[in-house]
Structure formats: C-alpha cells, structure tokens
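*Asks:* Following this message is one structure expressed as structure tokens.
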Amino acid sequence: MLDAFISAAGYMLGNPMSFLLIIFSVIWGIMFGAVPGLTGIVGVALLIPFTFAFDPTQGMLLLGGVYVGSTFGGSISAILFNTPGSPEAACTSLDGYPMAKRGEAGKALGIALAASAVGGIFGTLVLMFAAPPLARLALEFGPAEYFALAVLGITAIASIGGGSLIKGLIAGLLGLAVALIGLDPLTGVARFTFGNMMLLTGVSFIAAIIGIFALAEVLQRFADGLHKAEAITEVSTKLPSWAEFIATKATLLRSSIIGTIIGALPGVGATTAAFISYSEAFRWSKRPELFGKGSAEGIAAPESGNNAAVGGSMIPLLALGIPGSATTAVMIGGLTIHGIVPGPMLMQNNSDLVYSVFIGMFLANVLMLVFGLRAARLFALVLKAPYPLVGPAIVVLCMTGVFALNNNVSDVAVMLVFGGVGFLLKSLGLPVASFIIGLVLGPIAEVSLRQGLILADYDFVAMATRPIAGTLLLLSVLSLAYGVWGQLRRRPPQDPPNPQAEPERA
Amino acid sequence: MLHKLFEVAAFAAMTIASVALWFSADALPVSKRYAQVDADLWPKMVFGALAICCAVHLAQKVAGLIAAPSGMPLSEDEKLEAYRPEGYHLRLALTGGLVVGYFFALQYIGFLLATVIFLWAGAWILPFKNTAAKLTFAPVFTVLLAVLFSYGLQLSLPRGTGVFYDLSQALF
Amino acid sequence: MEINVLKALGSAVVTTSVVLTAVAAQAADYPARTVEVIHQYGPGGGTDRFIRAIAEPMQEATGQSFVPISITGGNGVPAYVSFLQRPANGYTLVSLSPDDVINAALGRIDLSQVMPLVRIQYDQGLLLVSKDSALKSLDDLLDAEKANPGGIKVGVTGSAGFDDALIGLFNEKAGTELATVPFGAAEMVSNTLGGHVDMMYEEYGPTRGLIESGDLVPILLFSDERLPELPDVPTAKESGYDVTLGRWRGFGIKPDTDAAEIETLVSLFRDASANEGYKKIEADSALQYRSEFQGPDEFKAFIDEEIATYTEIMKQLGY
C-alpha cells in the first residue's frame with residue numbers, strides 16, 4: 001500500500017500538469033456549485049469530453065476535483081443569497097442565511113468552508129485506508145436498512161423546526177406528499193400527475209428548493225421594500241475564531257462519520273448525507289433552539305456531512321465499480337470511455353490511478369480552503385450591488401439554471417410553484433426544514449419499504465428485525481421519544497397559561 | 001384576526017385535500033404482481049397521517065379562535081412579524097406577476113428578449129436612483145449569461161417559438 | 001479564468017476536428033451547428049456513453065458536435081414529449097430503444113410521430129448471481145424455483161420496462177414465477193452482491209469488471225449464440241427457452257425533416273458505426289456480435305415487429 005502511494009506520488013510529481021488540473025477543477029467545481037441550478041453533476045458531465053485530451057489518471061483527478069469543489073460551492077450562494085447552488089447545500093441555507101442576515105456572513109462562510117474541509121479530508125482518509133472493508137459493509141445495506149435509515153432521518157421532522165410538534169409533522173408530511181408526484185418507481189403507474197406528461201419525472205428536487213428558498217426570498221424582499229429589507233451589511237469574510245470552530249467538534253466528527261457511510265451507500269449521496277447530519281446534529285445539540293436561526297452547528301453539520309459523502313461515494317466506485325452517487329455514476333462513464341473497466345480489480349490493475357485519485361482528492365480539499373475563501377469574497381461583492389438590480393438577476397439565474405439542468409420547462413414551472421409554496425409555508429408557520437426533509441427522504445423510504453417487503457415475502461417484522469435495520473429503527477424510536485420529551489421539558493415557564501394559545505407560537 | 005381566519009381556512013382546505021387525495025390514491029390502477037405493495041400503499045399512509053394532523057391542528061385553531069376571538073395580545077416578536085410596510089401587497093403582486101410573466105415570455109419569445117425586458121421591468125419595482133445603471137445592467141447581464149451558457153458551457157437556453165425560435169437559434 | 005482554460009482546451013479539439021473534416025455529399029451545408037440527441041437515461045449511463053462514443057467520429061467528419069441531452073425519469077415519456085416539441089429542422093434527434101417500444105405498446109406514447117433513422121447497437125443480457133449464491137447454474141435456479149414457486153427474486157432496473165418484459169417472457173417459456181424487484185442500476189448490483197436479491201438482469205458491458213473479478217457470476221445468456229467472452233455461459237435458447245430479446249439502441253428524427261438531411265445523417269451514422277475507434281468501444285462491451293447497422297427502412301420494419309412482440313408480451317404480463 002505504501003509502495004502504491006509512493007508510486008502514485010512519483011507519477012504526480014512527474015506530471016506537474018496534474019496539479020494544474022486539480023487547481024482548475026476545484027475552482028471550476030466551486031463556481032458550478034455556487035451558480036444556482038448548475039450542479040456538480042453538470043460540472044462533471046461537461047468536463048468528460050475534455051478528459052479525452054489527458055490520460056485516464058489526469059481525467060479522474062479533474063473530475064474528482066470538480067466533485068470536491070462543487071459540494072462546497074453550493075454553500076456560498078446558500079449562505080449569501082438564500083439560494084442553494086446545488087441540492088446538497090439546501091440544508092446549509094437553513095442556518096447559513098439567518099446567520100448572514102445577522103451580519104455574520106463571513107463567519108457563516110468560514111464555518112461552512114472549514115467544516116467542508118474537515119468533512120472532505122475525513123472522507124478522503126477513510127477512502128484511502130478503509131475503502132475495501134467499507135465497501136463490503138455498504139453491501140450489508142439492503143432495502144430494509146435503507147428504509148430504517150430514511151425513517152431515522154424522517155423522525156426529525158416533528159421537532160426540527162423549533163415550532164410545535166404538530167406543525168413540524170404537517171410540514172414533513174406535506175414534503176412526503178409532494179415527493180409522491182410522478183411515476184411510481186415499482187409499478188410504473190402515474191401518481192398525482194394530473195395528466196401532465198412532464199410531471200411523470202416527479203418534482204425536481206433542485207427546482208423545488210430553489211423555488212422555496214431563493215424565489216420566496218426575492219419575493220419577500222421586494223414586497224418588504226427597501227426600508228425593511230435586512231441587508232447583509234458585513235461583506236468581509238471574517239473567519240470564525242478557533243474557539244468558535246472547535247466548539248462544533250462533536251458535530252463535525254459525527255457528521256463526517258454519517259456522511260462517509262451514507263456516501264458509501266449506492267444510490268444515496270451528499271444531499272441525503274447533509275440532511276441526516278443536520279437532523280442528528282439537531283437531535284444531539286445542547287442548543288437545539290438556535291437551529292434555523294443561525295446556529296454554527298447547523299452550518300457545520302450539513303457541510304461536513306456532504307463533503308464527507310464525496311469521499312464516501314468514491315468508496316464503492318473504486319472498490320467495486322458501483323457508483324455511490326449520481327455524480328460518481330457520471331465519473332464511471334468517464335472511466336469506461338478511456339477503456340478502463342471499473343470493478344474490484346481496479347485497485348490492483350490501475351493502482352497508480354486509484355492512489356493518484358486519493359492524493360488528488362486530498363489536495364483538492366486543501367486547495368478548497370484556499371480558493372473557497374477567495375471565491376466567497378468574490379461572490380460577496382454582489383452583496384454590495386443594489387438589490388433592485390440583483391434581485392431580478394437572481395431570478396433570471398435560477399430560471400436559466402433550472403432550465404439548463406434538464407431542458408425541461410416544467411422544472412421551471414415547478415420552481416415557480418414552490419416559490420409560492422415557500423411563501424405559504426412561512427405565512428402558516430410551518431417549518432421549511434421539515435418539509436424539505438420529507439421531500440428528500442420520502443422517496444428513499446417508500447421505495448425501500450416496498451422493495452424490502454417484497455424481499456421479505458411481505459413480512460414486515462422479518463424486515464424490521466434484521467440487525468442493522470432493527471438497530472436503526474430502535475434508534476429512531478428512542479430519539480423520537482427523547483425529542484418529544486425534550487420539547488416538553490424545555491417549554492418555557494413564562495408562556496401564557498392559556499393552552500390553546502400554545503400552538504400559535506411559530 | 002384576518003390572519004387567524006386565513007390559517008383556519010388553509011388548514012381546513014388541507015384537511016379536505018388530504019382526504020380527497022387519499023381516495024384518489026385508492027383509485028390508482030391495481031398492479032397484479034405487486035398487489036401487496038401496490039402504488040397506493042405509501043400515499044395512503046402519508047395522506048392518512050396528513051389528514052389526521054391537519055384535522056387536529058384545525059381543531060386547535062378553531063378552539064383558540066372561540067376561546068379568544070380577538071386574539072391574544074401579541075408579543076414583540078409577533079408584532080414585528082406581523083408588521084407589513086406600506087405597499088407590501090402591491091409590490092408582492094407586481095413582483096409575482098412579473099416573474100410568472102417572465103416564465104411565459106421565456107417560452108414564447110426566447111431567452112434574450114424575455115430576460116432583457118424582465119430585468120428592465122424588475123429594476124423599477126424598488127426605488128433606485130441610478131437610471132443609467134438600470135438601463136445598461138439588463139442587456140449586459142443577459143448577453144453575458146447567454147454567452148456563458150451557450151458558448152462556454154454548451155447548455156441550451158429557452159429559445160421561444162416560431163420566428164423567435166429561428167432568431168434565437170441563429171444567435172445561440 | 002477557468003473559462004479561458006476551457007476555451008483553450010476547446011479550441012484544441014476544434015482544430016483537430018477541422019483538420020479531419022470530410023465533406024458530406026448529400027446536404028452540403030448540413031449540419032451547420034450542434035445536433036442535439038434527446039435521450040431518457042442518466043448522464044454517464046449506457047445510452048449517454050453510446051451517444052458520446054458514436055458522436056466522436058461524426059464530429060471529426062463534420063466539425064459539428066453531437067451532444068446527448070438527458071431528460072430522465074417518467075419511464076422516458078418526458079424525454080419523448082420534449083422531442084416532439086422541437087421543430088423538424090434536422091438538429092434534434094431522439095434515441096430509440098425497447099423502452100420506447102414498450103411505452104408505445106402500453107399506450108404511453110405514439111411512435112408514429114417519429115421516423116426511425118438508424119439502429120446501431122443490439123445488446124444481449126445476462127442473468128447474474130453473486131459468487132456466494134447457492135444458485136450456480138440454470139438447473140439450480142429451476143430446482144429452487146420448483147421447490148418454492150415465486151421465491152426467487154430478480155433485481156431489475158426500470159418499472160414495467162424492458163427488463164420486466166424479458167423476465168416475464170422467460171417465466172412464460174420456462175413455466176417459472178421469478179419475481180422482479182425494480183432497483184436503480186447501482187443499488188441492483190449492490191443488492192445482488194450483498195445477497196439481498198437472488199440474482200439480477202444486466203448486459204455484459206456494465207458488469208464486465210465484476211464478472212472478471214469473479215464477484216458476479218453469469219448463469220444464463222439471452223441471445224442466439226454464446227458469447228466468445230463467456231464461452232461457459234449457456235444461452236436460454238439452447239436450454240430450450242426461446243428468449244433472445246436484447247436491448248438495442250438507435251435514433252429517430254421528425255418525419256417531416258428535409259430528405260437530403262436525413263440521407264446525410266444516415267451516411268454519417270453508417271460511417272461512424274464502422275469507425276475503428278467506435279468499434280473498439282463496442283468490443284469493450286461485447287456489443288459487436290448482434291449490432292448490425294440498419295437504415296431507416298429496415299429499422300422501421302424492425303420496430304414494427306418489436307411493437308407487435310412487446311404488445312403481446314405486455315398483454316401476457318397483465319398490463
């Protein structure tokens with residue numbers, strides 16, 4: 001193994017072009033992540049033709065760097081404009097934007113960046129030293145385990161918004177309901193599409209979150225007019241102090257582990273990792289009441305989770321040739337075009353390639369620290385521009401980005417509708433966080449429940465008592481009970497005695 | 001008060017809609033092979049739970065309305081939250097209408113024209129003195145974006161229909 | 001700055017392709033710009049890669065790019081619908097596959113609105129088990145199925161699509177009751193390797209790495225003859241079950257497109273499919289055995305035949 005590292009390092013030193021490619025790809029990735037609608041998948045797919053010009057190793061370095069950069073990039077626009085640039089950054093908006101609105105944009109960006117680097121480096125280290133055993137562990141996850149994992153995430157909806165239990169439940173169930181739209185993945189029956197052919201694809205998640213966050217925010221600020229608009233005044237990207245950052249160490253570690261494991265599971269990626277990290281951070285936090293109002297943990301959790309998932313999703317790709325996420329599926333395509341057969345033999349037959357990718361991803365995470373800060377400063381300049389011009393420009397960017405993603409006009413329509421939905425949720429006091437968790441985890445829960453039932457010959461008990469699934473389900477039940485108990489206990493004594501007035505407090 | 005009535009109406013509508021959608025899930029075509037895990041299994045669970053939660057919350061709201069029809073005295077936070085600056089609803093309607101109009105314009109007259117017009121119109125909703133900036137920003141931003149998407153990234157942009165399609169196609 | 005780098009890369013590609021430009025005879029100024037190919041599969045998937053591979057020689061010949069546009073989900077209906085919304089000017093193609101034929105057979109789309117242009121690939125599928133599976137051969141499978149009818153679960157991709165039809169037809173011929181469980185492509189493989197499903201259906205190309213490492217073991221091939229790459233794997237046909245359906249890939253265009261442009265495209269595709277670089281990519285996935293190039297007329301006849309076949313199969317499956 002050490003030999004392989006030395007040989008790969010020798011290769012990279014012999015090809016200085018590799019370093020240029022990593023730098024380029026990280027910057028390219030950050031930009032792609034930051035522009036709403038342009039996701040890391042698009043960034044990787046667009047670069048595939050250019051990998052022809054290089055050897056396969058350099059091609060993989062290029063794609064890996066984009067993947068690393070784009071996962072962080074989304075958080076820049078999420079924090080500064082409440083516009084998640086990519087789906088995995090949706091969660092970062094929840095606390096990043098409130099913190100920025102408080103005038104601490106720099107601190108929010110700094111936490112996001114540092115957490116991304118910690119998560120990314122953690123994921124890469126696990127990838128380097130434990131890829132084969134972890135890939136085998138991931139194979140233990142069948143539909144029953146996916147279902148339990150999704151349930152663990154979903155149980156957070158009841159408490160995460162900080163509001164009343166029932167409002168969290170309603171918002172989460174609404175998210176689950178919206179996720180039902182489209183073709184049933186098992187039977188191929190159209191559900192709740194109301195005759196619209198383009199809705200068969202289902203509600204595009206990126207379109208929905210851009211509508212809920214970005215469009216609703218632009219509408220809100222235009223409606224408020226200039227005098228009420230809480231402009232983000234502090235543009236400088238002042239990093240959080242060491243003490244502030246260290247305070248989130250438990251969250252960072254937990255989210256990095258969660259992110260790596262979820263990343264390693266085929267079919268679920270950085271977005272799911274970010275949400276489950278966020279809900280777990282909330283669940284274990286000493287200050288859960290700060291979540292949604294600009295909590296440092298609320299930024300650190302999803303960012304370390306989704307960047308750890310990058311390394312995680314490379315695990316099954318390099319160890320087994322199975323993509324761990326949509327982006328790595330595109331990378332597999334890039335590999336095969338070069339005539340490389342992805343599979344368990346890759347690590348032996350192409351060890352230079354594999355170990356170069358390890359080193360490259362490590363470097364990419366370090367470089368992200370350097371360029372992420374610069375990119376954030378660049379984007380923050382937009383905050384100085386007058387909002388009457390910037391607001392409509394954000395709308396244009398969102399619309400073109402969402403359109404370009406799938407060339408699907410109905411995605412843009414979905415975005416508009418969800419702009420309205422976001423506005424409505426807010427005015428009814430329903431927590432957006434719960435809604436989005438339902439939207440993300442709903443499809444995973446449904447499909448894996450049904451697959452699991454088929455495989456267990458329709459015996460739910462047999463399915464739920466498998467060791468990993470059972471443990472996860474038990475954890476969900478316990479944490480749900482703990483959450484409800486905590487909410488009852490935390491109820492402040494100075495509240496009005498009238499019990500009916502209680503749910504009014506959103 | 002108005003807001004409370006709106007909330008009651010909204011949750012009532014959601015309760016009714018969930019019940020209706022539960023029945024529409026029930027009416028989905030039946031699959032022979034997956035009869036026990038058919039397309040309606042999960043929707044029924046979701047809409048059933050949603051209907052119950054909405055109904056419970058509706059009851060809470062109505063009970064609150066009956067107990068204190070004029071509403072509890074608002075806390076500072078709620079006052080701040082409920083504060084609506086002058087012209088709020090007008091600007092909301094204008095912006096919303098403009099965005100929807102832009103969406104349709106994209107499909108009929110294509111990206112370039114629609115975006116320039118939208119950006120110009122949008123710049124006038126909020127007070128902003130610098131007219132020169134308002135006029136130049138729209139075309140510059142539109143062209144930059146079109147160049148970036150079309151030439152830099154080779155991603156397609158909405159082209160409109162009819163003559164506008166041909167015009168757009170000639171340009172990008 | 002990254003745009004500049006990209007442009008530099010781009011211009012390098014363009015220069016090489018300009019040097020290699022050959023003049024197409026039929027329609028002198030066609031194609032004059034990028035041709036878009038709409039398909040229903042994910043970026044990086046088999047069809048996306050196929051389009052990129054076949055586009056390589058065509059770009060060299062014309063100096064224009066042929067780019068895949070992926071509109072995923074909804075069993076391919078949204079992709080087909082957006083193709084129909086495009087004008088008939090020769091710059092939009094749609095990929096055609098058995099999934100489209102099944103959609104037509106089920107009445108989801110109307111295939112008479114598209115003109116079949118060329119068929120290029122014709123693949124063959126495999127039933128694969130994990131190396132730890134107790135089922136080592138077709139006989140094991142049939143015995144296990146006899147002992148516990150309906151107990152064997154086969155992982156497939158897509159819902160009510162090609163894989164489903166194929167397994168359904170096999171059930172029909174062999175008198176078995178293999179149950180299909182739809183997965184995403186990646187989860188199907190991991191669930192088979194992890195032993196959660198008994199076996200899976202997939203083509204040779206995507207599973208080659210896992211077959212070579214011995215993690216996945218092919219036990220049955222659906223084709224007319226055995227694959228030279230897998231000489232020990234019997235075909236369903238030789239075992240007495242005549243199931244030879246395979247996934248094929250081709251392109252369609254709007255019927256009212258200019259005839260000269262259609263002719264240009266057909267000859268471009270014919271040359272590209274014979275190109276050495278492309279042939280090598282085909283051979284990597286063992287695609288060369290059944291992939292016989294078909295022009296518009298043959299392809300039309302082939303599709304009509306396929307529609308009849310799949311309509312019959314889907315009816316038997318109870319759709």
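Each protein sequence line maps, in turn, to chains A, B and C. Following UniProt numbering, the numbering of the first sequence begins with 1 at its first residue and continues without gaps. Following UniProt numbering, the numbering of the second sequence begins with 1 at its first residue and continues without gaps. Following UniProt numbering, the numbering of the third sequence begins with 1 at its first residue and continues without gaps. Cβ coordinates follow ideal geometry from the N, Cα and C atoms, glycine included. These figures come from a predicted structure and were not determined experimentally.
Around the Cβ of Thr131 of chain B, are there at least 16 other Cβ atoms within 10 angstroms (buried) or fewer (exposed)?
*Replies:* Exposed, since its Cβ has fewer than 16 Cβ neighbours within 10 Å.
*Asks:* Looking at the strands, I want to know which residues DSSP matches up with residue 543 of chain A.
*Replies:* This structure leaves residue 543 of chain A out entirely; chain A is present only between 1 and 506.
*Asks:* Assuming Gly120 of chain A contacts Met368 of chain A (C-beta within less than 8 Å), just tell me the rounded distance between them.
*Replies:* So it is a contact: roughly 7 Å between Cβ atoms.
*Asks:* Step through the CB atoms of chain B and report whether any lies within less than 8 Å of the CB of residue 367 of chain C.
*Replies:* Look at the range of chain C in this structure, 1 to 319, and you will see that residue 367 of chain C is not part of it.
*Asks:* Assuming Trp42 of chain B is part of the beta strand (DSSP E), what are its boundary residues?
*Replies:* Unbroken run through Trp42 of chain B is the alpha helix (DSSP H), Leu41 to Ala67; no beta strand (DSSP E).
*Asks:* Provide the residue span of the alpha helix (DSSP H) that contains Leu425 of chain A, from first to last.
*Replies:* From DSSP, the alpha helix (DSSP H) with Leu425 of chain A extends over Val409 to Ser427.
*Asks:* Using a Cβ-Cβ distance cut-off of 8 Å, determine whether Ile125 of chain B contacts chain A.
*Replies:* Yes - at least one Cβ of chain A is within 8 Å of the one on Ile125 of chain B.
*Asks:* So, with DSSP's three-state summary, where would you put Thr465 of chain A?
*Replies:* Note: Thr465 of chain A maps to coil in three-state DSSP.
*Asks:* Counting only the same chain and skipping the five closest in sequence on each side, list residues whose C-beta sits under 6 Å from that of Lys228 of chain A.
*Replies:* Caution applies to Lys228 of chain A, whose pLDDT of 46 falls short of 50 and renders its modelled position unreliable; the value that the coordinates give is listed next. Taken in chain order, the list of residues that qualify is empty.
*Asks:* Please report the Cβ distance between Gly269 of chain C and Ile120 of chain C, rounded to the nearest whole angstrom; I am assuming they are in contact, meaning their Cβ atoms lie under 8 Å.
*Replies:* The question names Gly, but residue 269 of chain C is Phe in the sequence shown. Yes, Phe269 of chain C and Ile120 of chain C are in contact; Cβ-Cβ is about 7 Å, under 8 Å.
*Asks:* Contact between the segment 141-160 of chain A and the segment 446-462 of chain A: three or more CB pairs below 8 Å?
*Replies:* Result yes; three or more Cβ-Cβ pairs closer than 8 Å.
*Asks:* Measure the beta-carbon distance from Asp40 of chain B to Leu28 of chain B and round it to whole angstroms, keeping in mind my assumption that it falls under 8 Å.
*Replies:* Yes, Asp40 of chain B and Leu28 of chain B are in contact; Cβ-Cβ is about 5 Å, under 8 Å.
*Asks:* Could you work out which residues of chain A lie near Asp38 of chain B, taking near to mean beta carbons separated by less than 7 Å?
*Replies:* Within chain A, the residues near Asp38 of chain B are Thr187.
*Asks:* Say whether chain A places a C-beta atom closer than 8 Å to the C-beta of Thr72 of chain C.
*Replies:* Cβ-Cβ to chain A under 8 Å: yes for Thr72 of chain C.
*Asks:* Candidates A:Ser427, A:Ile261 and A:Leu472: which alpha carbon is nearest Leu2 of chain B's?
*Replies:* Among A:Ser427, A:Ile261 and A:Leu472, the Cα nearest to that of Leu2 of chain B belongs to A:Ser427.
*Asks:* Taking 8 Å as the CB-CB cut-off, is Thr336 of chain A touching chain C?
*Replies:* It does: the Cβ of Thr336 of chain A has a partner Cβ on chain C nearer than 8 Å.
*Asks:* Using a cut-off of 9 Å between C-beta atoms, extract the partners of Gly318 of chain C located in chain B.
*Replies:* In chain order: Ser31, Lys32 and Arg33.
*Asks:* Short of 7 Å in beta carbon distance, which residues of its chain neighbour Thr244 of chain C, apart from the five on each side in sequence? Order them along the chain.
*Replies:* Counting only Cβ-Cβ distances below 7 Å, and skipping sequence neighbours, we find Phe222, Ser223, Asp224 and Lys237.
*Asks:* Keeping to the same chain, check which residues put their C-beta closer than 7 Å to that of Ala25 of chain C; ignore five residues upstream and five downstream.
*Replies:* Model confidence at Ala25 of chain C stands at a pLDDT of 44, short of 50, so the residue's coordinates are unreliable; what they give is reported in the following sentence. Cβ neighbours of Ala25 of chain C beyond the five flanking positions: none.
*Asks:* Given a cut-off of 8 Å on the beta-carbon distance, is the pair Gly343 of chain A and Gly263 of chain A in contact?
*Replies:* Going by C-beta atoms, Gly343 of chain A is not nearer than 8 Å to Gly263 of chain A.
*Asks:* Helix, strand or coil: which one does DSSP assign to Gln294 of chain C?
*Replies:* DSSP places Gln294 of chain C in strand when its eight states are reduced to three.
*Asks:* Just to make sure I have the definition right: I need the residues of chain B whose C-beta is within less than 8 Å of the C-beta of Ala214 of chain A. Which are they?
*Replies:* Simply none; closest approach about 11 Å.
*Asks:* What number of angstroms, rounded off, separates the C-alpha of Leu113 of chain A from the C-alpha of Asn82 of chain A?
*Replies:* Going from the Cα of Leu113 of chain A to the Cα of Asn82 of chain A covers about 17 Å.
*Asks:* Let me check understanding here. Comparing Cα to Cα, which of B:Val8, B:Ser24 and B:Arg91 lies closest to Val62 of chain B?
*Replies:* Closest by alpha carbon: B:Val8.
*Asks:* Per DSSP, what kind of secondary structure is Ile6 of chain A in: helix, strand or coil?
*Replies:* Helix, per DSSP.
*Asks:* Note down, in chain order, each residue of its chain lying with its Cβ closer than 8 Å to the Cβ of Arg287 of chain A, except the 5 sequence neighbours on either side.
*Replies:* Only Ser295 and Glu297 meet the Cβ criterion.
*Asks:* Which chain B residues are close to Pro98 of chain C, counting only those with a beta carbon under 8 Å from its beta carbon?
*Replies:* Residues of chain B passing the Cβ test: none, with the nearest at roughly 19 Å.
*Asks:* Roughly how many whole angstroms lie between the Cα atoms of Gly162 of chain B and Asp258 of chain C?
*Replies:* Whole-angstrom Cα-Cα distance: 18 Å.
*Asks:* Do Phe362 of chain A and Ile27 of chain A have their CB atoms nearer than 8 Å?
*Replies:* No, these two residues do not count as a Cβ contact at 8 Å.
*Asks:* If you reduce the DSSP assignment to three classes, tell me which class Met1 of chain A lands in.
*Replies:* Of the three classes helix, strand and coil, the one that applies to Met1 of chain A here is coil, per DSSP.
*Asks:* Can you name the residues of chain B whose CB is closer than 7 Å to the CB of Pro87 of chain C?
*Replies:* Within 7 Å Cβ-Cβ: Tyr165.
*Asks:* Determine the chain B residues that contact Asn408 of chain A at a beta-carbon separation under 8 Å, and present them in chain order.
*Replies:* Here the premise fails: no neighbours, minimum Cβ distance about 11 Å.
*Asks:* Quick check for students: name the residue ranges of the alpha helix (DSSP H) that lie wholly in the segment 242-278 of chain C, counting only runs of 4 or more.
*Replies:* DSSP runs (the alpha helix (DSSP H)) wholly in the segment 242-278 of chain C: 259-274.
*Asks:* Within 8 Å of any Cβ in chain A, is that where the Cβ of residue 334 of chain C sits?
*Replies:* A question about residue 334 of chain C goes unanswered here, because the residues of chain C that appear run from 1 up to 319.
*Asks:* Give me the residue from A:Pro386, A:Pro467, A:Gly202 and A:Ile276 with the minimum Cα distance to Ile257 of chain A.
*Replies:* Measuring from the Cα of Ile257 of chain A, the nearest candidate turns out to be A:Ile276.
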